[in-house]
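Asker: I have a structure here, written as structure tokens, and I will follow up with some questions on it.
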């Protein structure tokens, strides 16, 4: 359910973004990320969802998840930067892009937001992986 324009969103947040917009999905992740919550079919002004995204978007989200039910329990993931694996992928992508452009370890570190040592370790692992020689031990 993830769109190409939302590659870093967890699937549930991507589904919410499809229904109510990206700003609503990010607001929900900020308000309740890492928690289990109930989305109810009958919303009141003091409901957490209405307070997080507004009444119109909350109604759309509620109709989507609670069709035929009184409430639906959801485990809200952290936002796009809350996933450790996604953060590692973004860092590796930034390091790889900088390396392909011929950047030094310092330039790679600046581009990816990591230390110089991390950039050197990344470059070293890449060299070992692409080596044409067999390992002796």
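Residue numbers (this note's numbering): 79 to 215.
No residue lacks a Cβ here, since even glycine has one placed at the ideal position from N, Cα and C.
Please tell me whether residue 105 and residue 141 are closer than 7 Å, where the distance is taken between their beta carbons.
Answerer: The answer is no: Cβ separation not under 7 Å.
Asker: Let's see if you can read the secondary structure: which residues bound the alpha helix (DSSP H) around residue 222?
Answerer: With the chain represented from 79 up to 215, any question about residue 222 goes unanswered, as that position is not in the structure.
Asker: Helix, strand or coil for residue 181, going by three-state DSSP, please let me know.
Answerer: It is coil, neither helix nor strand.
Asker: Leaving out the 5 sequence neighbours to the left and right, which residues in its chain are closer than 7 Å to residue 181 when beta-carbon positions are compared?
Answerer: Result list for residue 181: 189, in chain order.
Asker: Residue 118 to residue 184, Cα distance in whole Å?
Answerer: Their backbone Cα atoms lie some 51 Å apart in a straight line.
Asker: Helix, strand or coil for residue 171, going by three-state DSSP, please let me know.
Answerer: In the structure shown, residue 171 sits in a helix (DSSP, three-state: H, G or I).
Asker: Does residue 143 come out as helix, strand or coil in the three-state DSSP assignment?
Answerer: Residue 143 falls in the helix class under three-state DSSP.
Asker: Please state if the CB of residue 143 and the CB of residue 111 are separated by a distance shorter than 7 Å.
Answerer: Contact: no.
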